[in-house]
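Below is one structure, written out as structure tokens; comments come after it.
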Amino acid sequence: GIQVEQSPPDLILQEGANSTLRCNFSDSVNNLQWFHQNPWGQLINLFYIPSGTKQNGRLSATTVATERYSLLYISSSQTTDSGVYFCAVASGGSYIPTFGRGTSLIVHP
Amino acid sequence: NAGVTQTPKFQVLKTGQSMTLQCAQDMNHNSMYWYRQDPGMGLRLIYYSASEGTTDKGEVPNGYNVSRLNKREFSLRLESAAPSQTSVYFCASSETSGAGDEQFFGPGTRLTVL
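Protein chains in written order, with our numbering: chain S, 1 to 109; chain F, 1001 to 1114.
Laid out in structure tokens, this is it:
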């Protein structure tokens, strides 16, 4: 199956800083999503982005499918951005996503 | 509109006991999924149901059974719980299992098997 690697595994920021999270995948994809798991465990959809660029407020994402990676940008980070960010991808004839192991983000006030 | 709901939120079992985790969605979605999340492992797919009346194994199906009761409900059963099944279980749904369909997740069930 497809391999999904996320980096960095852990990230600590001061409030107001910017950050870039990366998701590399081993095959061409037909489905890619970014999720945020908040400290209470809830998984929240951020982006559905198998290719191209999208923005939602302080967050944006870019997927370069031909080079098999996706980036999640967080600008002007806030303490509420803390949690784990997951990339999930699907490839081939299946649209069922495979999750990476996540990037754990802590934003200090 | 509650989205995806799961019951119970927490459960402690002894080895060998059985239980059923319940999941329901009110978004009229066709596809439903069960995942488990272990520390440092991300989410792994246990079973999914692409549409009412169908179920398929995911990455880690051993020790589990599922039932797609109707379009709204998808249950996960542990027949004889083992400590290795200690995990957080998430149910998800999507409009279909096809391209462009985002998954929406329930709040999770934290299960401990002693």
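Beta carbons: idealized from backbone N, C-alpha and C, even for Gly.
Name the DSSP beta bridge partners of residue i, please?
{"i": "residue 1092 of chain F", "result": "F:1033, F:1105"}
{"i": "residue 27 of chain S", "result": "Paired residues: none, contrary to the question."}
{"i": "residue 12 of chain S", "result": "S:106"}
{"i": "residue 72 of chain S", "result": "S:21, S:61"}
{"i": "residue 40 of chain S", "result": "Its beta-bridge partners do not exist; DSSP assigns none."}
With 7 Å as the threshold, decide whether the Cβ of residue i is near any Cβ in chain F.
{"i": "residue 24 of chain S", "result": "no"}
{"i": "residue 47 of chain S", "result": "no"}
{"i": "residue 93 of chain S", "result": "no"}
{"i": "residue 101 of chain S", "result": "yes"}
Any Cβ of chain S within less than 7 Å of the Cβ of residue i?
{"i": "residue 1039 of chain F", "result": "no"}
{"i": "residue 1043 of chain F", "result": "yes"}
Just to confirm my understanding: we take residue i, look at its own chain, exclude 5 residues before and 5 after, and list those with CB closer than 6 Å. What are they?
{"i": "residue 3 of chain S", "result": "26"}
{"i": "residue 62 of chain S", "result": "53, 71"}
{"i": "residue 21 of chain S", "result": "72, 85, 103"}
{"i": "residue 80 of chain S", "result": "none"}
{"i": "residue 1066 of chain F", "result": "1047, 1055, 1076"}
{"i": "residue 1088 of chain F", "result": "1037, 1108, 1110"}
{"i": "residue 1060 of chain F", "result": "1044, 1046"}
{"i": "residue 1083 of chain F", "result": "1113"}
{"i": "residue 88 of chain S", "result": "33, 97, 99"}
{"i": "residue 1073 of chain F", "result": "1024"}
{"i": "residue 38 of chain S", "result": "83"}
{"i": "residue 1011 of chain F", "result": "1111"}
{"i": "residue 1014 of chain F", "result": "1114"}
{"i": "residue 106 of chain S", "result": "12, 82"}
{"i": "residue 14 of chain S", "result": "108"}
Got a sec? Which residues, its chain only, sit under 8 Å from residue i by beta carbon, not counting five neighbours each side?
{"i": "residue 1054 of chain F", "result": "1068"}
{"i": "residue 1052 of chain F", "result": "1030, 1068, 1070, 1071"}
{"i": "residue 69 of chain S", "result": "22, 23, 24, 25, 63"}
{"i": "residue 960 of chain F", "result": "Because chain F in this structure spans residues 1001 to 1114, residue 960 of chain F falls outside the shown range and cannot be described."}
Could you pull out every residue in the same chain whose Cβ sits closer than 7 Å to the Cβ of residue i, ignoring the five residues on either side in sequence?
{"i": "residue 8 of chain S", "result": "103"}
{"i": "residue 1007 of chain F", "result": "1022"}
Original post:
At a Cβ cut of 8 Å, what residues of the region 79–91 of chain S count as close to chain F, listed as they run along the chain?
Top reply: Residues of the region 79–91 of chain S that bring their beta carbon within less than 8 Å of a beta carbon in chain F comprise 86, 88, in sequence order.
**OP:** Write down every uninterrupted run of the beta strand (DSSP E) in the region 1035–1088 of chain F whose length is 3 residues or greater and which is fully enclosed by it, in chain order.
**Re:** For secondary structure counted as the beta strand (DSSP E) over 3 or more consecutive residues, the region 1035–1088 of chain F holds these complete runs in sequence order: 1043–1049, 1064–1068, 1074–1078.
**OP:** Name, going along the chain, the residues of the region 31–61 of chain S whose beta-carbon falls closer than 7 Å to a beta-carbon of chain F.
**Re:** Listed by position, the residues of the region 31–61 of chain S near chain F (Cβ gap below 7 Å) are 31, 33, 41, 42, 43, 45, 48.
Original post:
Listed from N- to C-terminal order along the chain, which residues in the region 1076–1109 of chain F have their beta-carbon within a distance smaller than 9 Å of any beta-carbon of chain S?
Top reply: Within the region 1076–1109 of chain F, the qualifying residues are 1088, 1090, 1092, 1094, 1096, 1097, 1098, 1099, 1100, 1101, 1102, 1103, 1104, 1105, 1106, 1107, 1108.
Subject >> Interface residues of the region 1046–1057 of chain F facing chain S [CB-CB below 7 Å] >> reply: Going along the region 1046–1057 of chain F in chain order, one finds 1048 with a Cβ nearer than 7 Å to chain S.
Original post:
Of all the residues that make up the region 6–24 of chain S, which are near chain F by a beta-carbon distance shorter than 8 Å?
Top reply: Across the region 6–24 of chain S, no CB contact with chain F closer than 8 Å is found for any residue.
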